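Scroll down for the structure; my scribbles are underneath it.
Chains as they are written, first to last, in the working numbering: chain A, 1 to 272; chain B, 1001 to 1178.
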């Protein structure tokens, strides 16, 4: 009987501890969302007239003009992911939180790997990018950081402008016309500088984003990185591509490592 | 003839003594290493039978676990855990079936979103287990076991605040009766 009582007490203590543990990383992301701020205004022609014509046409085509600016987005999607070149496709669900001022990006993905479900966190804030892969939601087993990763994470922010068109008006992005259907974006943040080119179709919708600045995996080798986007639909009153796939251009050919379908997009989010 | 009787008597006495000695030498304390299980990668554990009747026993377990972290492709600091658990065991001579529950308080030297957030992070896992152990009851005998020990957590990273997570997991044990 004495042992039974001890066991019951232990069980109650265990459950209390289990449910009361702090959700630290998620609190940090929420902190960034809560502390992002820009003055709210309605985007009009005057705000976009200085931009290259193709980008100007794009912002009109996606129906940004006449809408309020947004300082953050929450993007949900599902799809397939490859952990490395030899791996099979694994199904994945993910959410990305992006803030424009201050610039931050947090990607959380759950991947059904051969080792079971794994959780990943890709984050960038204030010039620092990090990749954190976990075998369980609180048990990290692979962690990566450094200059190369920070650069790569900042380029991901640039590539996601198709889901965050308000950020095209950010002062830290410089735009340059490449052709009638291509514009180059150069983004500076916290001492880092990255660039890439957006390509448009005849309706001035973005079809792909290319950058040569991104570092491949955990190496110091920069390879061309392309994100193809397609199937535009209206989400939260803005036209966005609902499918995308990202590839590395390796000497031996294209290596596609992610493809996904958008399931939700919210603007100006303050909470997770 | 007398000589044979003495030898037989000596053998019988030796057998009785040996049997009595083994009864005294039944082990109720074990030290073992788990690969997988509550320590995630590995753990060093001590277990003690607190109650035993017929072929049933109840034991408590304490341990220290470690899970390494690959940091930019190099092995680095990882996750450390303190494990406490309880098991019900059903004994079939050398074969033992056990079912129980452990909880592991883990700590990770974590890097936050910015350096302001770098901190020691604590987390808590509940690890139910059911398994089989081949274990002779005498002291100083090696034993081995294996089982299923899913990891249940309610913190860490999550999509849409779905913190409750269940992950299939397994363990292999090698240990020594003390």
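For every residue, glycine included, the Cβ atom is placed at its ideal position computed from N, Cα and C.
Source: prediction; values computed, not measured.
Beta carbon proximity, residue i to chain B, threshold 8 Å
i: residue 110 of chain A; result: yes
i: residue 270 of chain A; result: no
i: residue 135 of chain A; result: yes
i: residue 93 of chain A; result: yes
i: residue 265 of chain A; result: no
i: residue 117 of chain A; result: yes
Inter-residue Cα distance where the pair is residue i and residue j
i: residue 1172 of chain B; j: residue 1034 of chain B; result: 6 Å
i: residue 189 of chain A; j: residue 149 of chain A; result: 14 Å
i: residue 74 of chain A; j: residue 107 of chain A; result: 10 Å
i: residue 1062 of chain B; j: residue 1030 of chain B; result: 11 Å
i: residue 65 of chain A; j: residue 249 of chain A; result: 35 Å
i: residue 37 of chain A; j: residue 1163 of chain B; result: 28 Å
i: residue 254 of chain A; j: residue 16 of chain A; result: 50 Å
i: residue 27 of chain A; j: residue 199 of chain A; result: 37 Å
i: residue 160 of chain A; j: residue 1070 of chain B; result: 28 Å
i: residue 259 of chain A; j: residue 1153 of chain B; result: 29 Å
i: residue 270 of chain A; j: residue 1096 of chain B; result: 54 Å
i: residue 1045 of chain B; j: residue 12 of chain A; result: 23 Å
i: residue 95 of chain A; j: residue 1134 of chain B; result: 46 Å
i: residue 1144 of chain B; j: residue 1091 of chain B; result: 14 Å
i: residue 208 of chain A; j: residue 1098 of chain B; result: 57 Å
i: residue 83 of chain A; j: residue 1085 of chain B; result: 35 Å
i: residue 111 of chain A; j: residue 141 of chain A; result: 14 Å
i: residue 171 of chain A; j: residue 214 of chain A; result: 22 Å
i: residue 67 of chain A; j: residue 42 of chain A; result: 5 Å
i: residue 1037 of chain B; j: residue 1174 of chain B; result: 12 Å
i: residue 186 of chain A; j: residue 1121 of chain B; result: 37 Å
i: residue 219 of chain A; j: residue 151 of chain A; result: 12 Å
i: residue 78 of chain A; j: residue 9 of chain A; result: 42 Å
i: residue 268 of chain A; j: residue 72 of chain A; result: 5 Å
i: residue 1161 of chain B; j: residue 1139 of chain B; result: 49 Å
i: residue 92 of chain A; j: residue 133 of chain A; result: 14 Å
i: residue 52 of chain A; j: residue 174 of chain A; result: 10 Å
i: residue 146 of chain A; j: residue 256 of chain A; result: 24 Å
Beta-carbon proximity check, residue i vs residue j, cutoff 8 Å
i: residue 223 of chain A; j: residue 196 of chain A; result: no
i: residue 244 of chain A; j: residue 228 of chain A; result: yes
i: residue 1065 of chain B; j: residue 1049 of chain B; result: no
i: residue 1043 of chain B; j: residue 1089 of chain B; result: no
i: residue 169 of chain A; j: residue 47 of chain A; result: yes
i: residue 120 of chain A; j: residue 129 of chain A; result: no
i: residue 232 of chain A; j: residue 240 of chain A; result: yes
i: residue 1093 of chain B; j: residue 1059 of chain B; result: no
i: residue 1107 of chain B; j: residue 1080 of chain B; result: yes
i: residue 105 of chain A; j: residue 30 of chain A; result: no
When the options are compared against residue i, the one with the closest alpha-carbon
i: residue 61 of chain A; options: A/165, A/124, A/96; result: A/165
i: residue 156 of chain A; options: A/178, A/99, A/68; result: A/99
i: residue 32 of chain A; options: A/124, A/139, A/135, A/213; result: A/124
i: residue 86 of chain A; options: A/267, A/114, A/52; result: A/114
i: residue 137 of chain A; options: B/1028, B/1032, B/1040; result: B/1040
i: residue 1159 of chain B; options: A/76, A/230, A/90; result: A/76
i: residue 70 of chain A; options: A/110, A/80, A/151, A/238; result: A/238
i: residue 265 of chain A; options: A/6, A/105, A/236; result: A/236
i: residue 1148 of chain B; options: B/1102, B/1047, B/1060, B/1059; result: B/1102
i: residue 1142 of chain B; options: B/1177, B/1131, B/1155; result: B/1177
i: residue 1157 of chain B; options: A/154, A/39, A/57, A/131; result: A/131
i: residue 18 of chain A; options: B/1028, B/1123, B/1026, B/1077; result: B/1123
i: residue 135 of chain A; options: A/117, A/147, A/102, A/146; result: A/117
i: residue 181 of chain A; options: A/57, A/34, A/35, A/122; result: A/57
i: residue 1155 of chain B; options: B/1104, B/1026, B/1146, B/1137; result: B/1104
i: residue 262 of chain A; options: A/59, A/80, A/5, A/34; result: A/80
i: residue 55 of chain A; options: A/176, A/211, A/210; result: A/176
i: residue 35 of chain A; options: A/256, A/101, A/247; result: A/101
i: residue 97 of chain A; options: A/45, A/192, A/122; result: A/122
Same chain, Cβ closer than 7 Å to residue i, five either side skipped, listed in chain order
i: residue 1018 of chain B; result: Model confidence at residue 1018 of chain B stands at a pLDDT of 42, short of 50, so the residue's coordinates are unreliable; what they give is reported in the following sentence. None.
i: residue 1100 of chain B; result: 1085, 1086, 1087, 1088, 1129
i: residue 221 of chain A; result: 215
i: residue 1078 of chain B; result: 1066, 1067, 1068, 1069
i: residue 178 of chain A; result: 184, 197
i: residue 163 of chain A; result: 73, 75, 240, 265
Cβ shell of residue i (< 6 Å), same chain only, five flanking positions each side left out
i: residue 126 of chain A; result: 190
i: residue 1047 of chain B; result: 1030, 1059, 1061
i: residue 144 of chain A; result: 131, 218
Neighbour flag for residue i against chain A, beta carbons, 8 Å
i: residue 1167 of chain B; result: yes
i: residue 1067 of chain B; result: yes
i: residue 1172 of chain B; result: no
i: residue 1024 of chain B; result: Only weak support is given to the placement of residue 1024 of chain B: the predicted model assigns it a pLDDT of 48, under 50, and the question is left unresolved by the model.
i: residue 1079 of chain B; result: yes
i: residue 1123 of chain B; result: yes
i: residue 1154 of chain B; result: yes
i: residue 1157 of chain B; result: yes
i: residue 1126 of chain B; result: yes
8 Å Cβ shell around residue i - same chain, five flanking residues per side excluded
i: residue 1150 of chain B; result: 1127, 1128, 1166, 1167, 1168, 1169
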